[in-house]
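Here the structure comes first, spelled out in structure tokens, and everything after it is commentary.
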Amino acid sequence: MEIVRNNFALKVLAVALAVVGWAYFRVAGNPLVATPQFQQLSIPISAVNLPLGYVARYLDHEAVVTVAAKRGEPAVKPEEIKAVLDLSSRGAGVYNVPVQLVAPDVAVQSLSPASVTLTVERIEERAFPVGVHYVGSQAGGIVVSYAAVGPDTATVRAASSVLAQVASVRADVEMVNQPKTVDEMVRPVAVDASGSEVAGLSVTPNLVRVEVHFAAGTPPK
Numbered sequence: 285m286e287i288v289r290n291n292f293a294l295k296v297l298a299v300a301l302a303v304v305g306w307a308y309f310r311v312a313g314n315p316l317v318a319t320p321q322f323q324q325l326s327i328p329i330s331a332v333n334l335p336l337g338y339v340a341r342y343l344d345h346e347a348v349v350t351v352a353a354k355r356g357e358p359a360v361k362p363e364e365i366k367a368v369l370d371l372s373s374r375g376a377g378v379y380n381v382p383v384q385l386v387a388p389d390v391a392v393q394s395l396s397p398a399s400v401t402l403t404v405e406r407i408e409e410r411a412f413p414v415g416v417h418y419v420g421s422q423a424g425g426i427v428v429s430y431a432a433v434g435p436d437t438a439t440v441r442a443a444s445s446v447l448a449q450v451a452s453v454r455a456d457v458e459m460v461n462q463p464k465t466v467d468e469m470v471r472p473v474a475v476d477a478s479g480s481e482v483a484g485l486s487v488t489p490n491l492v493r494v495e496v497h498f499a500a501g502t503p504p505k
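Going by my numbering, the residue at position 127 of the sequence shown is 411; the numbering climbs one at a time, nothing skipped.
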């Protein structure tokens with residue numbers, strides 16, 4: 285008994301440490317109770333519940349999500365998680381909207397960005413006359429004696445800020461170096477004041493018929 289009483293506290297501590305060490309290695313080697321594995325995913329950000337007749341414009345189109353899953357469980361697939369911007373009842377204006385995750389039963393560790401600054405704009409449309417635009421150098425002695433476009437107007441549909449950039453709609457036709465009649469379907473292009481095509485809009489119809497008669501003659505001075 286005297287042997288047991290000697291350094292009794294130290295002996296109890298040694299036994300406790302041994303039990304804790306044994307339990308740790310048992311748990312660490314058990315895939316059912318092992319520590320979580322972290323997984324980083326890139327998820328597209330989409331706007332939902334946008335009122336009819338409006339469009340949302342924003343720069344952040346991807347969210348980086350870090351999730352935790354236990355060892356032995358299947359990895360989370362990117363398509364199982366959705367990152368959405370709820371734009372219910374949002375009229376035209378600038379907003380900072382939180383990114384909401386629709387995900388399975390996983391622990392989300394981090395989300396970037398947590399919110400997105402966006403602009404909600406009304407979709408508008410406007411009719412423009414379709415003009416013929418000649419591409420290339422005009423050959424000597426070749427003139428345009430007749431040109432027609434059908435239909436001769438096109439409707440441009442876009443967000444208000446994009447539509448404001450459109451100066452005209454044109455149909456491009458290559459110049460020729462000899463008398464010739466060109467009769468072809470051409471895609472009408474919406475351009476700005478500098479003649480550059482404006483992106484992010486729709487033009488209706490998507491094709492127009494262009495008829496041009498190139499004849500021999502002297503170009504006007």
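Note that CB positions come from ideal geometry on N, CA and C, so glycine has one too. None of the values given here were measured: they were computed from a predicted structure.
Considering only the alpha carbon of each residue, which of Ala432, Val466, Thr437 and Ala474 lies closest to Ala448? Ala474
Could you tell me which of Gln323, Ala477 and Val404 sits nearest to Ala391, measuring between CA atoms? Gln323
Compare the C-alpha of Glu405 against each of Ala359, Val348, Pro328 and Gly484 and name the closest. Gly484
The beta strand (DSSP E) with Ser399 in it runs from where to where? Ser399 to Val419
Taking the beta strand (DSSP E) that Leu334 falls in, what are its first and last residues? Looking at the DSSP string, Leu334 is not in any beta strand (DSSP E), and its letter there is neither H nor E.
Please name the residue in Asn333, Ala340, Ile329 and Val482 whose C-alpha comes closest to that of Thr403. Ala340
For Glu363, three-class secondary structure by DSSP: helix
Give the straight-line distance between the Cα atoms of Ser478 and Val440, rounded to the nearest whole angstrom. 18 Å
Is it buried or exposed for Val492, if we count other Cβ within 10 angstroms and need 16 for buried? buried
Within 10 Å of its beta-carbon, does Val446 have 16 or more other beta-carbons around it, so buried, or fewer, so exposed? buried
In the DSSP assignment, find the beta strand (DSSP E) that holds Val457 and state where it starts and stops. Ser452 to Glu458
Status (buried if at least 16 other CB within 10 Å, exposed otherwise) for Asn490: exposed
For Leu447, the first and last residue of its enclosing alpha helix (DSSP H): Ser444 to Leu447
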